[in-house]
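Only one structure is covered here, and it is reproduced in the block below.
Protein chains in written order, with our numbering: chain A, -19 to 119; chain B, 525 to 741.
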């Protein structure tokens, strides 16, 4: 089941803009390898779930997968063939706001070659360009 | 222990982001040298040489400024948003007979015995805070996990450390452990929530409906 918040303050949110690059959440923190977004945008809860299922299927239970993004934002839509007006649409899906540089998934407990192959599969499910990253030197 | 690297640093006069940007276009990295109650000096270093040294795991380097050669610890590195390039470097002056505190990577060695029995390695600590002499900074703390079974953990107190190295972390902290692989069960028909159950999250600012009282006659 796709991720979504348990409790929210407001049902609907304004769209906003994805400005700038990631200054937080742009390093591999929990695992050894990760998948980094090279473009910004909205990552739907369904896409996160698709990535998780793909990684779980490919890894066959080996290692650990960490999901570093969470869909906090509700995205509304108005039904097809509806006249303009009558207020804002109803929440359609939940999305995570992703800035360029953010780490989306991390893996641990698998060799680099396996993690690279796994993340390549996951990257196919993402709506933007991604790259495989390892931990930085610990300085 | 990493080999000693000699980096040639030039004094730089230009300050601010504009000056730093110009330096980076020339293949140099802006940096700063401080410590030992001496004046803070702004320097510029060749990008490729510094990058190579960082990738090789160098922590203490010999910094050559003109005729002066001094030992310096790479205290901090500023990376770009993708983590590809170094933007700025901080050096702290150190002397050879000094003891320093810094983060050192944990390196797992061997194939865990518990992995064959369906275990997964969980490593809560990737770095350790260690105190060591400047001249013998370990590249990594090696942990042998060849005999690690499911349900067994290696704590900080159990680590074998190089001579002269003291770990500052909590001795009872777990460095690495072998946990049972959690197999995700396929959702059965009963477990899949119905469409009505896939409701929206609870709205905490929602006004509660107060039942209207009947007007008294």
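C-beta atoms are modelled at their ideal positions from N, C-alpha and C, and glycine is treated no differently.
### Query
Alpha carbon to alpha carbon, how far is residue 21/A from residue 692/B?
41 Å
### Query
Can you tell me whether residue 12/A is buried or exposed, with buried defined as 16 or more other CB within 10 angstroms of its CB?
buried
### Task
Under 8 Å by Cβ, that's how I've got residue 672/B and residue 637/B pegged, so tell me the actual separation to the nearest angstrom.
6 Å
### Message
Is it buried or exposed, residue 580/B, if we count other Cβ atoms within 10 angstroms and call 16 or more buried?
### Response
exposed
### Chain-ordered residues of the segment 565 to 591 of chain B with a beta carbon less than 8 Å from chain A
578, 579, 581, 583
### Query
When burial is assigned at 16 or more other CB atoms within 10 Å of the CB, is residue 542/B buried or exposed?
exposed
### Query
Beta carbon of residue 704/B, beta carbon of residue 677/B: below 9 Å?
no
### Message
Using a Cβ-Cβ distance cut-off of 9 Å, determine whether residue 599/B contacts chain A.
### Response
yes
### Query
Can you check whether the CB of residue 630/B is closer than 9 Å to the CB of residue 584/B?
no
### Query
Taking the alpha carbon of residue 729/B as the point to measure from, which residue in -11/A, 76/A, -16/A, 2/A has its own alpha carbon closest?
-11/A
### Message
Under 9 Å, Cβ to Cβ, is there at least one residue of chain A near residue 728/B?
### Response
yes
### Query
Hey, is residue 547/B close to the ligand GTP, as in C-beta under 8 Å from one of its heavy atoms?
The model depicted lacks the ligand GTP and carries no ligand whatsoever.
### Query
What are the boundary residues of the alpha helix (DSSP H) that residue 50/A is part of?
Note, residue 50/A: premise wrong, no alpha helix (DSSP H); not H, not E.
#### Entry: Supposed contact pair residue -18/A and residue 19/A - C-beta distance, whole angstroms, cut 8 Å
No, residue 19/A and residue -18/A are not in contact; Cβ-Cβ is about 21 Å, not under 8 Å.
### Query
In chain A, which residues lie less than 7 Å from residue 647/B when you measure between Cβ atoms?
88
### Query
residue 107/A versus chain B: which residues are under 7 Å apart at the beta carbon?
Simply none; closest approach about 18 Å.
### Message
By the DSSP assignment, the beta strand (DSSP E) with residue 87/A in it spans what residues?
### Response
83 to 88
### Query
At which residue ranges does the segment 545 to 580 of chain B contain complete alpha helix (DSSP H) runs of 4 or more residues, listed in the order of the chain?
571 to 579
### Message
Does residue 647/B pass the burial test, meaning 16 or more other C-beta atoms within 10 Å, or should it be called exposed?
### Response
buried
#### Entry: Contiguous beta strand (DSSP E) assignments of at least 3 residues, all confined to the segment 607 to 646 of chain B
610 to 617, 623 to 633, 643 to 646
### Query
How would you list, in chain order, the residues of chain B whose beta-carbon sits under 8 Å from the beta-carbon of residue -10/A?
727, 729
### Message
Closer than 7 Å between beta carbons: that is the criterion. Which residues of the segment 30 to 62 of chain A meet it against chain B?
### Response
36, 41, 43, 44
### Message
Taking DSSP's pairing of strands, which residues face residue 62/A in a bridge?
### Response
Residue 62/A is not bridged to any residue.
#### Entry: Contacting residues, own chain, Cβ-Cβ under 7 Å from residue -15/A (five flanking each side not counted)
52
### Task
Please classify residue 117/A: does DSSP put it in a helix, a strand, or coil?
coil
#### Entry: Three-state class that DSSP yields for residue 112/A in the structure shown
strand
### Task
Drop a sphere of 10 angstroms on the beta-carbon of residue 16/A, count the other beta-carbons inside from all chains shown, and report buried for 16 or more, exposed for fewer.
buried
### Message
Does the structure place the segment 39 to 55 of chain A close enough to the segment 547 to 557 of chain B that three or more beta carbon pairs sit under 8 Å?
### Response
no
### Query
Using DSSP with H/G/I as helix, E/B as strand and the rest coil, what is residue 541/B?
helix
### Query
If you follow the alpha helix (DSSP H) that residue 94/A is part of, which residue opens it and which one closes it?
92 to 104
### Task
Indicate whether at least one CB of chain B lies closer than 9 Å to the CB of residue -6/A.
no
### Query
Taking the alpha-carbon positions, what's the residue 611/B to residue 566/B distance?
14 Å
### Task
Helix, strand or coil for residue 719/B, going by three-state DSSP, please let me know.
Because the pLDDT of residue 719/B is 49, which lies under 50, any placement of that residue in the model is unreliable, and the number read from its coordinates should be weighed accordingly. Here residue 719/B sits in coil by DSSP.
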